[in-house]
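Those protein sequence lines, which keep their order, are chains A and B. Take 1 as the starting number for the first sequence in the numbering used here and just add one per residue. Take 425 as the starting number for the second sequence in the numbering used here and just add one per residue. Positions of the beta carbon are idealized from the N, C-alpha and C atoms, including for glycine. On a predicted model such as this, the values are computed, not experimentally measured, just so you know.
Number of protein chains: 2
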Amino acid sequence: MSVHTFKANNPALKSFVEVSKDSDFPIQNLPFGIFSTDNAQDARVGIRIGDFVLDMSQLSELNFLGDLNFDHSVFYENILNPFIELGQTNWRATREKVSELLQVGSDLEQQKDSVLFPVANVTMHLPVKVGDYTDFYSSIEHATNLGKLFRPNAEALMPNWKHIPVGYHGRASSIVISGTEIHRPKGQIKPNPDEAPIFSPCKTLDFELEMAFIVGKATKLGDSVTVDTAEDHIFGMTVFNDWSARDIQKWEYVPLGPFLGKSFASSMSPWVVTLDALEPFRVASPKQDSEVLDYLKYTKKHNFNISLEVDFIPENGEATTISHSSFKYLYWNMAQQLTHHTVNGCNINVGDVCASGTISGKDENSYGSLIELTQGGKKMIPLKNGVERKFIQDNDTIVMRGFCQNDSVRIGFGEVSGKILPAK
Amino acid sequence: MSVHTFKANNPALKSFVEVSKDSDFPIQNLPFGIFSTDNAQDARVGIRIGDFVLDMSQLSELNFLGDLNFDHSVFYENILNPFIELGQTNWRATREKVSELLQVGSDLEQQKDSVLFPVANVTMHLPVKVGDYTDFYSSIEHATNLGKLFRPNAEALMPNWKHIPVGYHGRASSIVISGTEIHRPKGQIKPNPDEAPIFSPCKTLDFELEMAFIVGKATKLGDSVTVDTAEDHIFGMTVFNDWSARDIQKWEYVPLGPFLGKSFASSMSPWVVTLDALEPFRVASPKQDSEVLDYLKYTKKHNFNISLEVDFIPENGEATTISHSSFKYLYWNMAQQLTHHTVNGCNINVGDVCASGTISGKDENSYGSLIELTQGGKKMIPLKNGVERKFIQDNDTIVMRGFCQNDSVRIGFGEVSGKILPAK
Numbered sequence: 001m002s003v004h005t006f007k008a009n010n011p012a013l014k015s016f017v018e019v020s021k022d023s024d025f026p027i028q029n030l031p032f033g034i035f036s037t038d039n040a041q042d043a044r045v046g047i048r049i050g051d052f053v054l055d056m057s058q059l060s061e062l063n064f065l066g067d068l069n070f071d072h073s074v075f076y077e078n079i080l081n082p083f084i085e086l087g088q089t090n091w092r093a094t095r096e097k098v099s100e101l102l103q104v105g106s107d108l109e110q111q112k113d114s115v116l117f118p119v120a121n122v123t124m125h126l127p128v129k130v131g132d133y134t135d136f137y138s139s140i141e142h143a144t145n146l147g148k149l150f151r152p153n154a155e156a157l158m159p160n161w162k163h164i165p166v167g168y169h170g171r172a173s174s175i176v177i178s179g180t181e182i183h184r185p186k187g188q189i190k191p192n193p194d195e196a197p198i199f200s201p202c203k204t205l206d207f208e209l210e211m212a213f214i215v216g217k218a219t220k221l222g223d224s225v226t227v228d229t230a231e232d233h234i235f236g237m238t239v240f241n242d243w244s245a246r247d248i249q250k251w252e253y254v255p256l257g258p259f260l261g262k263s264f265a266s267s268m269s270p271w272v273v274t275l276d277a278l279e280p281f282r283v284a285s286p287k288q289d290s291e292v293l294d295y296l297k298y299t300k301k302h303n304f305n306i307s308l309e310v311d312f313i314p315e316n317g318e319a320t321t322i323s324h325s326s327f328k329y330l331y332w333n334m335a336q337q338l339t340h341h342t343v344n345g346c347n348i349n350v351g352d353v354c355a356s357g358t359i360s361g362k363d364e365n366s367y368g369s370l371i372e373l374t375q376g377g378k379k380m381i382p383l384k385n386g387v388e389r390k391f392i393q394d395n396d397t398i399v400m401r402g403f404c405q406n407d408s409v410r411i412g413f414g415e416v417s418g419k420i421l422p423a424k
Numbered sequence: 425m426s427v428h429t430f431k432a433n434n435p436a437l438k439s440f441v442e443v444s445k446d447s448d449f450p451i452q453n454l455p456f457g458i459f460s461t462d463n464a465q466d467a468r469v470g471i472r473i474g475d476f477v478l479d480m481s482q483l484s485e486l487n488f489l490g491d492l493n494f495d496h497s498v499f500y501e502n503i504l505n506p507f508i509e510l511g512q513t514n515w516r517a518t519r520e521k522v523s524e525l526l527q528v529g530s531d532l533e534q535q536k537d538s539v540l541f542p543v544a545n546v547t548m549h550l551p552v553k554v555g556d557y558t559d560f561y562s563s564i565e566h567a568t569n570l571g572k573l574f575r576p577n578a579e580a581l582m583p584n585w586k587h588i589p590v591g592y593h594g595r596a597s598s599i600v601i602s603g604t605e606i607h608r609p610k611g612q613i614k615p616n617p618d619e620a621p622i623f624s625p626c627k628t629l630d631f632e633l634e635m636a637f638i639v640g641k642a643t644k645l646g647d648s649v650t651v652d653t654a655e656d657h658i659f660g661m662t663v664f665n666d667w668s669a670r671d672i673q674k675w676e677y678v679p680l681g682p683f684l685g686k687s688f689a690s691s692m693s694p695w696v697v698t699l700d701a702l703e704p705f706r707v708a709s710p711k712q713d714s715e716v717l718d719y720l721k722y723t724k725k726h727n728f729n730i731s732l733e734v735d736f737i738p739e740n741g742e743a744t745t746i747s748h749s750s751f752k753y754l755y756w757n758m759a760q761q762l763t764h765h766t767v768n769g770c771n772i773n774v775g776d777v778c779a780s781g782t783i784s785g786k787d788e789n790s791y792g793s794l795i796e797l798t799q800g801g802k803k804m805i806p807l808k809n810g811v812e813r814k815f816i817q818d819n820d821t822i823v824m825r826g827f828c829q830n831d832s833v834r835i836g837f838g839e840v841s842g843k844i845l846p847a848k
């Protein structure tokens, strides 16, 4: 589907809500989220515009959504899953309707104080009830960097890497909303190769700069999706920090993969940006330099040009941007990931989360994790005011941002933020 | 808690429902499940007794459950999660109450036709909505056998194996109820090490004889359970077949672990046997011959003497029992597994499933998978009528059973069965 078929993407559209030029949330974006005002009990569906949240339940209450031919109770739910279950046609109709309602000249303007809440006055919640969580490993730069660090005497890339969008099952229960504070994980580590493992708080705590997509259309057990239809199964995307306890991971991960080194927390940005809103930023993937099997071959553009940044904020509160990466670097795209995921008949459900794996670029300043940025902890990263870090210390905060920008419009994700508290 | 504190475990109890001596489901068991009679829409909570299912919703309807001080609507749900959320005190009260109601002389006998359905007339459903699924790897015999097969030139056991109850995140969406037919998975395999991978239906399809426990009490993110309290977080157990596509697994699993080789299906037996019912069969674990870290040390008996069997049924319908194993062989027990799982602060939820990993014993006839029984596909397994197999062929059925037996009582799990259909 071409960019021109979505009226809501028209760069000429203007909202009666004032939106600053550098906002991630102009009227062309309209991402979905779950927010509350007074307490978590009243959490409901909202759409972000500029520095405001549009209350979809209130919009229904005031009879502005008559054109939407489905049960509006989905907007009163504290997760997006029931809305997403309604299907792509209804997601699109909702975004187009909200676009109309927010445009200059809309009748809604008279009642804007009833439906728009300043973001400063709301609390955001995890947008979906996560079913299964899968983490891919789709950046060739990241996989190469980690291969060199973890297995210095072997080929950096495993023989399967260019044939398979490698991934593993992650822990769904510990996916948390941006802003959630996380205690430093404890566990088994083996600081000295010649000595027995010890029990300790993690000493090499890291982040992973990732993006995640949320499954919007289920499949049945035994069925598979094709590369060409895979994107129809994606509702939208968020920025995702897959926190990693490197020392725990290193000792535990052979032969069955990462477990407690990852499962203590993964943080998600609150606003789910639809693939429709990202359409103007669709780009070709890097050329795959090893021929893939037919089921993974594709002809269309399945990547998106999404700039990504990581801020490191130590206790003094001064942010230093330590990485500039891009979603477009990914070797394996989302359509290939989902196709591979279901090729064996594995069923997917609305609300499942698939993360990209750490997104690193070629340049050192585009690496998406501390273990890469510090060359395995060998090099300090300078932060402002003379502070420096190899890994994350207690009371440090990591903030990640994602945004697309062209001459006429900026479509962003906002941020995912997380502060590390001392081990419990 | 000792066996004598549960009145419902008294071997002298007799039910007015006739239960044959070799039944898995005497009045001392009373496992929970989800069943329907007319159609899946009416699925509700049942308790198994002999060849009958006791309808808990009907029991409430007829006012037999007045002693149970909670909202009985949980018995009208099509998953056990809401009932389990009520907590251990209420699980115990329910089992004790049902034990009283089913005893000889109970008033219920007059109305038994309203509340008891012959198992032949009901359909069983997955007992819980699964949150996260974790698969451990806790049999030292299995880990050793697989290590030898997968890494013939290295130490069979990885250096971490005796320090950590190794496990990995599995796929929750594809856990299915016993009886579900499963299409042979397709995917990437690499039959010739010197050639490129090919796309093919799995050629080395296997089962894994496991047991699974269902989490009955949640923890919060950042919290951990201790070995001594871990069992309070377990509602009960089932028999579990973790189907495995060995060729897909072999090519994909390095470095992030099993993914599509497992995620096409795992089959679960329908009746959840409570730890309380298993209490008389509690046994000590095998001695751990390498000292474990303090958080994994235990003093009580945390294993159970549960006999396990695997039947292989080819298309001719003749079952051959090809493995006799026991849950008691497991090197790592459930208390250690759950303690380790949460030591990093990973939160657990009611309905999470933790499987044991393949349960093999020392003897060849106690191996819990075909890859072990056939020495990696080198040896045929003879079945009845001259049939033989290395791996599972289309239209073969695998049946697993679990039961505890002493001089006075038999507490069983029934079976988990699954038939493999041709690839789609």
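Would a check of beta-carbon distances place D556/B closer than 8 angstroms to chain A? yes
Contact with chain A by R595/B, beta-carbon distance below 8 angstroms: yes
Using only alpha-carbon positions, find the residue among T180/A, D206/A, G261/A that is nearest to Y367/A. D206/A
Using alpha carbons as the reference points, say which of G685/B, H765/B, K752/B, E605/B lies closest to S691/B. E605/B
Just by C-beta distance, which residues in the segment 817 to 835 of chain B are closer than 9 angstroms to chain A? none
Along the segment 574 to 592 of chain B, what residues have a CB closer than 7 angstroms to any CB found in chain A? M582, N584, H587, I588, V590, G591, Y592
Any beta carbon of chain B sitting closer than 8 angstroms to that of D294/A? yes
Nearest neighbour of Q41/A, chosen from V122/A, S326/A, Y295/A [CA to CA]: V122/A
Partners in chain B for Y137/A, counting only beta-carbon separations shorter than 8 angstroms: L680
If you draw a straight line from the alpha carbon of S174/A to that of K419/A, how long is it in whole angstroms? 15 angstroms
Presumed contact (8 angstroms Cβ cut-off) between F259/A and G591/B, rounded CB distance: 6 angstroms
Members of the segment 357 to 379 of chain A that neighbour chain B once the beta carbon cut-off is set at 7 angstroms: none
Let me know the secondary structure DSSP gives S597/B once reduced to three states. coil
I want to know whether the segment 740 to 748 of chain B touches the segment 516 to 535 of chain B - three or more CB-CB distances under 8 angstroms. no
Distance cutoff 8 angstroms, beta carbons only. Does V427/B sit that close to anything in chain A? Its pLDDT being 46, under 50, V427/B is placed unreliably in this model, and the coordinates cannot settle the point.
So L221/A contacts chain B; which residues on that side make the cut at Cβ distance below 9 angstroms? S597, S598, V600, T604, I606, H607, F688, A689
Since L260/A meets chain B, which of its residues come closer than 8 angstroms, beta carbon to beta carbon? H764, H765, V767, N768, C770
Report the rounded CA-to-CA distance for S224/A versus N347/A, giving the unit in angstroms. 8 angstroms
Rounded to whole angstroms, what's the CA-CA distance from K536/B to M548/B? Just pull it up for me. 20 angstroms
Coarse secondary structure for Y561/B, derived from DSSP in three states: coil
Contact set between E676/B and chain A, taken where Cβ atoms lie within less than 8 angstroms: N160, I164, V166
Leaving out five residues before and five after N90/A in sequence, what residues of the same chain have Cβ atoms less than 6 angstroms from its Cβ? F70
DSSP three-state call for P621/B: helix, strand or coil? coil
Opening and closing residue of the beta strand (DSSP E) in which D311/A lies: 307 to 313
Residues bridged to A424/B by DSSP? Examination of residue 424/B is not possible in this model, given that chain B is present from 425 through 848 alone.
Can you grab the Cα-Cα spacing for the pair K297/A / S356/A, in whole Å? 19 angstroms
With a threshold of 8 angstroms between beta-carbons, can K486/A be considered close to chain B, or not? Residue 486/A lies beyond the residue range present for chain A, which begins at 1 and ends at 424; the question has no answer from this structure.
Can you tell me the Cα-Cα spacing of Q551/B and G131/A, whole angstroms? Just to set this straight, residue 551/B is Pro in the shown sequence, not Gln. Roughly 17 angstroms separates the two Cα atoms.
Residue span of the alpha helix (DSSP H) that contains P82/A, given as start and end: 81 to 85
Should P118/A be flagged as near chain B, meaning a C-beta pair shorter than 8 angstroms? no
Taking I49/A and L65/A to be in contact with their CB atoms under 8 angstroms, please state how far apart those CB atoms are, rounded to whole angstroms. In fact, because the Cβ distance is near 16 angstroms, the residues do not count as touching under 8 angstroms.
Compute the distance between the beta-carbons of I458/B and N502/B, then report whether it is under 8 angstroms. yes
Tell me, please, which residues DSSP counts as bridged to A464/B. Bridge partners of A464/B: none, in fact.
Could you check whether the segment 265 to 284 of chain A touches the segment 226 to 242 of chain A, counting it as contact only if at least three pairs of C-beta atoms, one from each stretch, sit closer than 8 angstroms? yes
Rounded to whole angstroms, what's the CA-CA distance from P738/B to S460/B? Just pull it up for me. 29 angstroms
Using a beta-carbon distance below 8 angstroms, is I672/B in contact with chain A? yes
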